[in-house]
Structures are given as C-alpha cells and as structure tokens.
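> Below you will find the structure I want to go over with you.
Chains as they are written, first to last, in the working numbering: chain D, 1 to 502; chain H, 1001 to 1648; chain X, 2001 to 2100.
Put into structure tokens, the structure is as follows:
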C-alpha cells in the first residue's frame, strides 16, 4: 500500500530540523549569556510550530503530510525525504516539548555553557530528523548523529562516573545500530536483486516481498537494533547507568525522546515491513515485554538512588509499549503510541523532580532524603501528580495507554495481559516508595536537618514552568484521550495493514 | 434530570478552588466552609433526584461526554440514576456533609487545614463518579480515584512514619484488588463488546457460565481489595492512621462500601453464576467472623471500630451472596450511619484526650462528655443489633436470611453477632465507664466537644434511631434496581434468567415492615435467640469490664493460644509482610545484585573488558623496535612459504 | 664451472646473516651494515640467475641496486651522524621516542 503524499507548500519539516542547527551556530557566535535565551526561544518556536502541525494534521485517512523529497545521491537511490504521519508527528511534538522544557530547566550549568546549549540544539535537530525521515539513509544518519551530542552531554555535564556511563551508552547503542544498518543494507540489496531498483525510501522497501527465512533474519537484525534503544530486557543496563550520570535535562531528553526511538522503530519498521515475522516472534516479544515489566519493576524497588529507580521504571513502562506493539491489533498499537507519549511526559516530569530534589538537598540517595513535602508544597503536588500518572491512575495519561495496551494484549494472550497487569501493583509499589522516601516521614529527620529544610525554596519560576507543560498534558491526555486516538487511528491501521488486512 | 451533573462536579469545583487558593486566601476556616458548601449542594441535588426516583421508579441514563472510543464502543462519562445509585449517592453525600461539618471542628488548628478539605472534596467527587457511573471504566476511574484520595488522607499526617507506611500499604493492597478488577473489565469487554451495565445485563443470558463466573470473580477480587475483605483486609486497620473524620467517611461509611455497592450494581452478572455468589457469600462470612474475633482483643479505640467495619462489610457481602441484595444494601445504609456515628464519637473522645488511642488508659470520661457518650451508646446499640435502632433491622434480617439458606453461614454470622455485641460494649465500658485509669493531666482538660462536632453526632444518632423504621420503604425503593421482575432496563429474557439465578433466596421470607419484623423477632424462636445473643454479648462485657467480676487478663491466659491468635490478627500481617513486603524486597535486591549487576552487566561490561584485555595482550607485540618487526616479518614469511610448499 | 645453486646458497646465507644482524644488533651502524649485506645477497642471486638464464636484465638490476645502496648508505650515515650529535648514542633501543 502506497499512501497519499501531501506535499508541503513550505518545507516546514526541514525548517524544523534546520532551525535548531542555525540556533546552534548563533549560540556559537554569541557570548555565554545569550546562549540560554536563544535556545529557549528556538525550542519555543519549534514547539509552537509542531503543536500547530499537530492541530492542522488531517487524521482522516492515512496520508504522509508536509511531505518533501529531494534527490541526494541518485546513483544509489538515496534521497532526502521527510514527512509525517500521526506517529511521527506525535513523537515530533513530544520531542519539541521535551526540549523546550529542558532548556527552561537548564539554569545551573556551571561549565561550558555555550557548548551545553549547542549540544542540546544539535541533539534536538537530530531527534526531529529521526522522527520525520522516510529515507533510510537519512534516518540512519540522524539516528547516529544523535548519539554524539548525547554522549557529550553525559560525558561532560554528568556526575562522578560520567565517563563510564557515557561510553557504555555510546558503545552499547552503537552496537545495536550496526545490526540495524546491516538489516537495512540487506533489505536494500535484496530489493535491488529482486526488483532491480536501487532505493532507500521507506515505501519502496515496504513493497519488498521477502522469503520467510530472510524475513525472520531481517526482523531480528532490526529488532536487535531497536531493542537496545528501547531498551528491552536484557539490553537495558546502559539506561540506568546513563540516567544516573546524566544531568537532569539530559535525563529528561533521554527518557522522553531517545527511548521512544526504539519503540518508534518497532512500530514504524518491524510491523509493516515484516508482518509474518512479527506474528512469528510475537510470543518472544511478549515474554521479553512481561519480563521487562515485572523484573525491572523489582529492580526499581531495590534501588536507593532515586534516578536509578526512575530509570528502571522507564524500562518497565517501555515493556508495556513493547507488548502493546506486538499485540498486533488496533487497541494494542494505539495503546503503545499513547503510552509512548505518556511515558515521555511522566518520566520527564519524574526526572525533573529528581533534579529538583538534587538541587535542594545535593543527593540522590534515599538515605539523605525524606520529609520534604511540608516545605515544598507546590513541588510535592506536581510530583504527586506525575507519580500517579506514572503509576497509571485513571484520569491521567498513564492509564489510557495501559488500558488500551492491556485490552489489546488480552485479546491475544490472556496470560500476558494478566502478568503485565501486575505492574498495577508493583508499579504502584515503587512509585509510592519513591515518593514516600523523598517526601514523607519528616519525623525521622534530625533537628538540624529540619532547620536546614526550613530554608528550602519551593519551585522557582523556571522550574515551575518546566513542570507545568508536562503536568498539563498528563491531564489533557488522561481526560480527553479521544482526540489523540482519533489522531493516531489511521496510522495504526496503516501499521497493521499487512497483518490484519485492509 | 440534567441537573444531576451537579452532584459529582460540585465537590470537584470545591476541590479545585481549595486546591488553588486554599493556602493563600481561604485558609481556616474558609476552606472548610467552601468544602461543606460544595458537598451540601450535591447532597441537596441528590436528595431531589432521590425523591424523583422514589416517586416514579424510573431510571435515567445521561451521557455527559465521550471519553474514549474503542472500536464501536464509546466509553462515556455518564450518570446512571436509578434507585440503587440514588440511594448510594444520597448516603455518600449526606453522610459526607455531616462528616465535613464535624471535620471543621476536628481539624481546627491543623497547619494543613485547607489541604485536608481539598482531599476530602476530591474524595467525594471520586466516590460520586463511582456511584453514578453507568459503565465499568468510569467505575474503575472512581474506584482508583477513591483509592488515591484514601492514600492521601491516610497519609495526611505524613510526617509520621507509621502514617506514610499505612498510606502506601493501603494503596498497594488496593491495587492487588484493582489488578483483578481491571482484568475483569477486560474480560467483560472482550466477552460483551461493551462495558455499559445495562447492555451487559441484557447480554448475560447468552454467555457461557464459565466466562460469567470468571468475570464476576475477577470483579469481586476488586471488591475484596476495596472493601477490605479477607484475604486483602490488612490495610484497613492500619488506615486508622488517618484523621478520624477520614476513618469515618472513607474507611467506614463510603469507600469501603464501594465493593458492596459494586456487587449489588452488577447483581445480574453475579446472579448468573452460582460459584460467584457462593464465593461472595463465603468470603463475606469468613470476614464477618474472623474480623470480629480480631476486634475482641485490640486496645486501640479506632482499630476496634475498624475491625468492626471489616466484620460488618462481611455481613453485607454475606447478604449479597445469599441473594438478599436489598438487605445487603439496607445494611450498607444503616452501617454508614451508625459507623460514621461511632467513628465521629471516637473522634470526639480523641480530641478531648489529645489523641490518646489506648482504651486501657481511658475510663470514666462519660460524665464529662455526655453528648458524646449518649450518641456513642446509640451507635453501639445499633451495632450490637438491639431494637429499635437501625442495626437491628438490617443485621438481624441478614442472619435470619442465612438461617433459611445456609446453616454454616448462619452459625458463623450468629457467632459474629455475639462477638460484635461483646467487643463494642467492651470498648464502650472501658472508655466511658469502668475504673478511672486516665492520666490526671488529661482529666483536668477533659471537656465536651464544640457544637460543630456534637451537632453531626446528634443528627447521626437521630438517624440511627429513626432509619430502621423506613426499612420497608427502602426495600421497595430498591426494587426497580435489585428485584429482577421490576428492573425496567432488563429484557424479558434477562429478567427470567436473573430471577432464576437468585433462586437460593426465593424461599426466604423476611418481614419488610419494620413493626412486623420487630413483632416477629419478639415472637419467633429464631428472633428471640438472636436478640438474646446480642444482649448476652453486652451483658458479658458488662460483667467483665464494668463490674470486674472476672479478670479479663485471666480469661486471656486461660485461652492463651486463641488470645494470641486473635491478638496477632490471625498472623495475616506477619505472613504477608514476610512474603510480599520483606520477601519481595529482599528478592528484588538479590535479583538486582545477581541478575542485573553480575549476570547482565557482567556480560556487557565483560565484553568490554575482554576487548580491553585482549588488546592489552596484542599490544605487547608492538614493541617499537625495527628488529622485532623484522623478526615478525620473517616468521610470517616463513609460515607463508611453508604453507605454499605444503598446499601446492 | 661452478653450478648456480652454489651462488644461491651463498646468497641465502648472506641474507640470513643480514636478517639476524638486523634482529639482534642494537647499534645503528651494525643495522645499516646488515641491510647492505642483504642487498648484496640479492645482488649475488641476480647475477647467478643472469648467468643461468643468459639474460643481461639481471646485471642491469644489480647496477641499479648498487646505486641505491650507495645513496642509502650516504643518507643513512648522515642520519646516524645527526642522531649521534643529538643523543650521543647510536643504540636503537635508547632512541625510541615515538614508542607509547
């Protein structure tokens, strides 16, 4: 199935990629003081534009909108091809939101301020590129480019063991990407041999008819590439390390945007390209997803470092996305996409909360924390909302995705849904544990600590405004999911069209 | 009936107002007043709606807005206003109103006064979403929402470690039930293709019994969690860490009754499955009896009442399991009133004694607090089942019903009735009379509570006296929701199907009219036995704790194993904590060290280490001297030449 | 007439000698001499085959090699002089400046 392409009158998606790059150049030329305002302004512009695109996107029928295509290396059939469907668009929007928030948050950078913002701006451009690219070479270039600024962000502005974490992050994800590259090149060559066409365009490769065994192999190659990024159990250990060491804004981006690329890849490539293999590997994916959900939830509660706890909770939530995706039905895929958005919001907010706590008390270890709620009531409220959204309370964003995912999974495998549903319990356990250990139990504090606490400042303006967008959208999605589901319905139908027909 | 939307949203608006402006502008007492107004408005609206339904017997189904579309089914925020939901809504809003008023006095001077009323309003909103729902998803929304409110309110004094722990425990244990409940919803959706009650009811006859049983049991799992039935009861006694109005409102009158309400709401589903009804009946009966034994030997005034709540909820479930849904709902109503009264009474005592909880350290405070004592006595008599108080009419009918249906259930419920009368009067005598064991400092400041606390007590006490005589009205009122042949929203086929499902209660004849029931009780053998049991319980407590004829410590020693079993709450807490809290935590720690750190990271970091290590070895060959390289070259050349010679 | 194999044996021996010299000696001058030795062993081999095949190309190669060897010796000795002036030493193990 080749969808309709709605060409953009103005190359707006390219503009979204280029604007942060230009801003990076401007920041490079200006002095340190201007770095933050320019970055915030740029990301605000990107966010406004992407919200606007979200609003004017036409969800009736599957169309690639705001589409552009230019020849790049015609000898090899490589072109520059960008456009969005609802999946790309929501991810693009989430990226823009997360970067906007991160820039507002980044007030206390102590060293290399210009470089910090340049790294983030380039990262933003690359992330947007990943989500809007339809040409595999462009996709892969953006996919890899994104690693470098993230590597620098963790490696330069991180905490004590940052080099270990940055290296692990880089090498591990790079290792995964290589399999992805092999898979893509394999598809490209196979396409050339069978159809005589050299093309790296997504839709050309979509039409390749693969023999069964080859399909399984390519599925595995791509899946391995994405699984590292998701991260799926047992490829997840780079994530806690990276999160623990990354600066707060870096963690937000890592959780809200980078993890989504893995599941984005599953939904975008594995399902439509390899429908038979997806069915074939469904039990494996279910098993890995369920293990991720329960096992990492247990990991989470075993932690004393709050950022590591949140990092493990991310893995657990991404397990939900995995099983939703591989339920291979409309509810599951819709739920997976909604969970992706929701997880971006909630884990972003939770990492902000961890950053807030660190900035006030200079520790991430639970034994140094506790009893803050009374002294910082506004923060406590927003933190509670984020925690509850993460735990899947109805009315907030987490529940919508979880419900749809469980419904989709339940139709396919009752056992998987039952086990995945356990996250209701274990998820609540670690989330509340985190909240209790940081916010409650003031009576355990010593006298001096309480005196220290009296000087604690509640959220300042920058912190408040970085929290609010996340929290507001948790409510927006939680209270009116219908709008979002209408938006992504046709896309998930397209994703599944080879599997369920139609 | 469009005005019904006011009922849930008025407390929500109060919540938002207090939440945003509570600390800055309203503070004390304005935030309390806003909350009271919010809930009072919804109480008035619900009473108006109640009267309308009582007059006409109609039901109204309003769809407010479309939350989510799945396939062809719209999950909508909606209101189903029929006698059952009208009754439950009225109970919630009316009891809430009085408890809110009481709370304005109880929470006086607390530094988090606005936060308290914000949470309470949020709770009422969620509870009303639960009661008014016409579909399972909205029910689940309210279900989890009240869980959140309960969590927040149990942990209201979160500076205390015990409160923070109890709050977390309650949420997590509730989540166990919610897990089952959600699976039940999913199974129901997959089976029926819809989640609207009315559509489900009409589709029930066409579905196999096995699936219906599974759905009913899964949903009942949620009720077990929320209504703190055995085996998920352990959170409720610990939930008494919350402020007393919270215990009264959430952990006695309304939220914990949500499970009972849900089972009644989904009566046709439960009626369709013999197994499900039996499970409800036995879980309820066991809870009624076991919780009563636990209550016998506790010393914490609020915990005793909490165990009594567990036990009374067990009676309600038993009633529903017996097929006596109307009686179960009537007991819910009556329990809401008298249990709220008991909790508020104990709250009044706590304020006077500066939050002293141990009844062994109280005594002879009745004279200083006559209103509290009098109303508490009324509540206790109602709980013990003495006519003419409402508890007698509601509880005794359940036990009599059990006599007709299942003798085993009857025996346990009957024994429970004796224990109930005993423990509540043990509490009553030890607190208000008996010997003076009170700290002299406390005695100096002993005083009756202010009017905004005593007036709710008096109102609730009056309701306890009067309400019983409306039994016939209530049962008739509920018929359009619980009596298959009067249920207007059922198809003919479904009516017959449900009626047959309830066959176990068909030969149960209980006098609906209160006066007839009273006369029947005083004349029939069974009625006299039951009354005598209650009186015996009271008398025993009187002999032991007031007259001190028998030393309770000696009795305890005589039945040492039993005493220990009861005192340690049948070891449920210990076992659960050992397995699900410490066990789980330890296992997680072990898994983290072994699974993540050693195995997975061992492989990941190991592969990195292997490459570093092997690199280190091969690096040694690069010595940087030409002679070395020449030698290597020579060896290489020799090897290749040799190979050339051999292979040729 | 001496069979050409004898020349080849001589050439091989000289080559091995040169190799061993390069491998074991540390003095740069000795290394240079060993290199020259190897070059000359090749020369002998060329001449021997030239004789065997009755072709003059081998002798032409020898002349080229001799020229290169001369140039090499000149540059090599110059370098050695320069190094000696800097380091006062011609031991190769002591002048390993690029070794990490």
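For each residue, glycine too, the CB sits at the ideal point set by N, CA and C. Since the structure is predicted, the reported quantities are computational estimates derived from the model, not experimental observations.
Can you check DSSP and say which residues form a bridge with residue 1077 (chain H)?
Along the second chain, read from residue 1 onward, the residue named residue 1077 (chain H) stands at position 77. For residue 1077 (chain H), which the question treats as bridged, DSSP gives the partners H:1065.
> Within the stretch 1415-1444 of chain H, note down every full alpha helix (DSSP H) run reaching 4 residues or more, in order along the chain.
As far as the stretch 1415-1444 of chain H is concerned, its whole alpha helix (DSSP H) runs of at least 4 residues are 1440-1444.
> Counting Cβ pairs, one atom from each stretch, are 3 or more of them under 8 Å apart for the stretch 390-397 of chain D and the stretch 445-456 of chain D?
They do not touch, by the three-pair rule.
> Just by C-beta distance, which residues in the stretch 2023-2042 of chain X are closer than 9 Å to chain H?
Listed by position along the chain: 2023, 2024, 2025, 2026, 2031.
> Does the distance from the CB of residue 297 (chain D) to the CB of residue 316 (chain D) come in under 8 Å?
Taking the first residue of the first chain as position 1, residue 297 (chain D) is located at position 297. Taking the first residue of the first chain as position 1, residue 316 (chain D) is located at position 316. Yes, the Cβ-Cβ distance between residue 297 (chain D) and residue 316 (chain D) is below 8 Å.
> For residue 1148 (chain H), go through chain D and note every residue whose CB falls closer than 7 Å to its CB, in chain order.
If you number the second chain from 1, residue 1148 (chain H) lands on position 148. Those are 388, 393, listed as they occur along chain D.
> Identify the residues that DSSP records as bridge partners of residue 1082 (chain H): which are they?
For the purposes of this step, residue 1082 (chain H) is taken as the residue at position 82 of the second chain. DSSP lists no partner for residue 1082 (chain H).
> For residue 30 (chain D), count neighbouring Cβ atoms within 10 angstroms of its own Cβ and tell me buried if that reaches 16, exposed if not.
As a position in the first chain, residue 30 (chain D) is number 30, starting the count at 1. Exposed: under 16 other Cβ atoms inside 10 Å.
> Sorted by chain position, which residues of the same chain lie with C-beta nearer than 7 Å to residue 39 (chain D)'s C-beta, five sequence neighbours on each side aside?
Taking the first residue of the first chain as 1, we reach residue 39 (chain D) at position 39. Taken in chain order, the residues that qualify are 23, 27, 103, 117, 120, 121.
> May I ask which residues mark the beginning and end of the alpha helix (DSSP H) holding residue 1346 (chain H)?
Here residue 1346 (chain H) refers to the residue found at position 346 of the second chain. Looking at the DSSP string, the run of the alpha helix (DSSP H) that includes residue 1346 (chain H) is 1325-1352.
> When you compare each of H:1482, H:1596, H:1215 to residue 1265 (chain H) by their alpha carbons, which one comes out closest?
As a first step, residue 1265 (chain H) is located in the second chain; it is residue number 265 there, counting from the start. Residue 1265 (chain H) has its Cα closest to that of H:1482, out of H:1482, H:1596, H:1215.
> Measuring only the C-alpha atoms, how far is residue 1440 (chain H) from residue 379 (chain D)?
Residue numbering aside, residue 1440 (chain H) sits at position 440 when the second chain is read from its first letter. Residue numbering aside, residue 379 (chain D) sits at position 379 when the first chain is read from its first letter. Between residue 1440 (chain H) and residue 379 (chain D), the C-alpha separation is close to 44 Å.
> With 8 Å set as the bound, which would you pick, yes or no: does the beta-carbon of residue 172 (chain D) sit closer than that to a beta-carbon of chain H?
Sequence index remark: in the first chain, residue 172 (chain D) carries index 172 (1-based). Chain H, which has a Cβ nearer than 8 Å to the Cβ of residue 172 (chain D), makes this yes.
> Residues of chain H with CB closer than 8 Å to the CB of residue 2092 (chain X), please, in chain order.
Within the third chain, residue 2092 (chain X) is the residue found at index 92, counting from 1. Correct list: 1625, 1626, 1627.
> By how many angstroms is the C-alpha of residue 1165 (chain H) removed from the C-alpha of residue 1584 (chain H)?
Here residue 1584 (chain H) corresponds to residue number 584 of the second chain, with the count starting at 1. Here residue 1165 (chain H) corresponds to residue number 165 of the second chain, with the count starting at 1. Rounded to whole angstroms, residue 1584 (chain H) to residue 1165 (chain H) spans 16 Å at the Cα level.
> Pair every Cβ in the stretch 1170-1187 of chain H with every Cβ in the stretch 1132-1143 of chain H, then say whether three or more of these pairs are closer than 8 Å.
Result yes; three or more Cβ-Cβ pairs closer than 8 Å.
> Please state whether DSSP places residue 317 (chain D) in a helix, a strand or coil.
As a position in the first chain, residue 317 (chain D) is number 317, starting the count at 1. In this structure, residue 317 (chain D) counts as helix in the three-state DSSP scheme.
> How many Å lie between residue 440 (chain D) and residue 53 (chain D) at the Cα?
If you number the first chain from 1, residue 440 (chain D) lands on position 440. If you number the first chain from 1, residue 53 (chain D) lands on position 53. Cα-Cα distance, rounded: 42 Å.
> Compare the C-beta of residue 502 (chain D) with all C-beta atoms of chain H and state if any pair is closer than 8 Å.
Position 502 of the first chain, counting from 1, holds the residue named residue 502 (chain D). Only weak support exists for where residue 502 (chain D) lies, its pLDDT of 47 falling under 50; the value from the coordinates is given anyway. With 8 Å as the cut-off, residue 502 (chain D) does not count as an interface residue toward chain H.
> Given 8 Å as the limit, is there contact between the stretch 1305-1317 of chain H and the stretch 1246-1258 of chain H, that is, 3 or more CB pairs closer than that?
Result yes; three or more Cβ-Cβ pairs closer than 8 Å.
> Grouping DSSP H, G and I as helix and E and B as strand, with all else coil, what is residue 39 (chain D)?
By one-based count along the first chain, residue 39 (chain D) stands at place 39. Residue 39 (chain D) falls in the helix class under three-state DSSP.
> Below 8 Å on the Cβ atoms is my contact criterion, and I expect residue 1604 (chain H) with residue 237 (chain D) to pass it. Report the Cβ-Cβ distance as a whole number of Å.
Along the second chain, one-based indexing puts residue 1604 (chain H) at 604. Along the first chain, one-based indexing puts residue 237 (chain D) at 237. Rounded, the Cβ-Cβ distance is 6 Å, consistent with contact.
> State yes or no: is the beta carbon of residue 285 (chain D) nearer than 8 Å to at least one beta carbon in chain H?
To locate residue 285 (chain D), count along the first chain from 1; it is residue 285. So, not an interface residue.
> Would you check if the distance between the CB atom of residue 2077 (chain X) and the CB atom of residue 2040 (chain X) is smaller than 8 Å?
Here the question's residue 2077 (chain X) lines up with position 77 in the third chain. Here the question's residue 2040 (chain X) lines up with position 40 in the third chain. No.
> Going by the CB atoms, is the gap between residue 89 (chain D) and residue 257 (chain D) shorter than 8 Å?
Taking the first chain and counting its residues from 1, one reaches residue 257 (chain D) at position 257. Taking the first chain and counting its residues from 1, one reaches residue 89 (chain D) at position 89. For residue 257 (chain D) and residue 89 (chain D), no; Cβs fall outside 8 Å.
> Between which two residues does the beta strand (DSSP E) carrying residue 1226 (chain H) extend?
Indexing the second chain from 1 puts residue 1226 (chain H) at position 226. Unbroken run through residue 1226 (chain H) is the alpha helix (DSSP H), 1209-1226; no beta strand (DSSP E).
> If you scan the stretch 1519-1564 of chain H from start to end, which runs of the alpha helix (DSSP H) of 4 or more residues do you find wholly inside it?
Qualifying alpha helix (DSSP H) stretches, in chain order: 1525-1541, 1552-1558.
> Using a Cβ cut-off of 7 Å, pull out every chain D residue sitting near residue 1592 (chain H), in sequence order please.
Along the second chain, read from residue 1 onward, the residue named residue 1592 (chain H) stands at position 592. Within chain D, the residues near residue 1592 (chain H) are 299, 302.
> Using a C-beta cutoff of 8 Å, does residue 411 (chain D) count as contacting chain H?
One-based indexing of the first chain puts residue 411 (chain D) at position 411. It does; some Cβ of chain H falls within 8 Å.
> So what does DSSP say about residue 133 (chain D), is it helix, strand or coil?
What you label residue 133 (chain D) is simply residue 133 of the first chain in a count that begins at 1. In this structure, residue 133 (chain D) counts as strand in the three-state DSSP scheme.
> Please report the Cβ distance between residue 154 (chain D) and residue 242 (chain D), rounded to the nearest whole angstrom; I am assuming they are in contact, meaning their Cβ atoms lie under 8 Å.
Counting from 1 along the first chain, the entry for residue 154 (chain D) is found at position 154. Counting from 1 along the first chain, the entry for residue 242 (chain D) is found at position 242. Sure, about 6 Å apart at Cβ, within 8 Å.
> Between the beta-carbon of residue 433 (chain D) and the beta-carbon of residue 249 (chain D), is there less than 8 Å?
Within the first chain, numbered from 1, the residue matching residue 433 (chain D) stands at position 433. Within the first chain, numbered from 1, the residue matching residue 249 (chain D) stands at position 249. Cβ atoms of residue 433 (chain D) and residue 249 (chain D): not closer than 8 Å.
> Check whether the stretch 477-489 of chain D and the stretch 330-338 of chain D touch, using three or more Cβ-Cβ pairs below 8 Å as the test.
Judged by Cβ distances under 8 Å, the stretch 477-489 of chain D makes contact with the stretch 330-338 of chain D, as three or more pairs qualify.
> Helix or strand or just coil, what does DSSP make of residue 411 (chain D)?
Position 411 of the first chain, counted from the first residue, corresponds to residue 411 (chain D). Residue 411 (chain D) falls in the helix class under three-state DSSP.
> What does the Cβ neighbour count give for residue 2086 (chain X), buried or exposed, with the cut at 16 atoms within 10 Å?
In the third chain, the residue the question calls residue 2086 (chain X) occupies position 86. Classification of residue 2086 (chain X): exposed, given that the 10 Å Cβ count is below 16.
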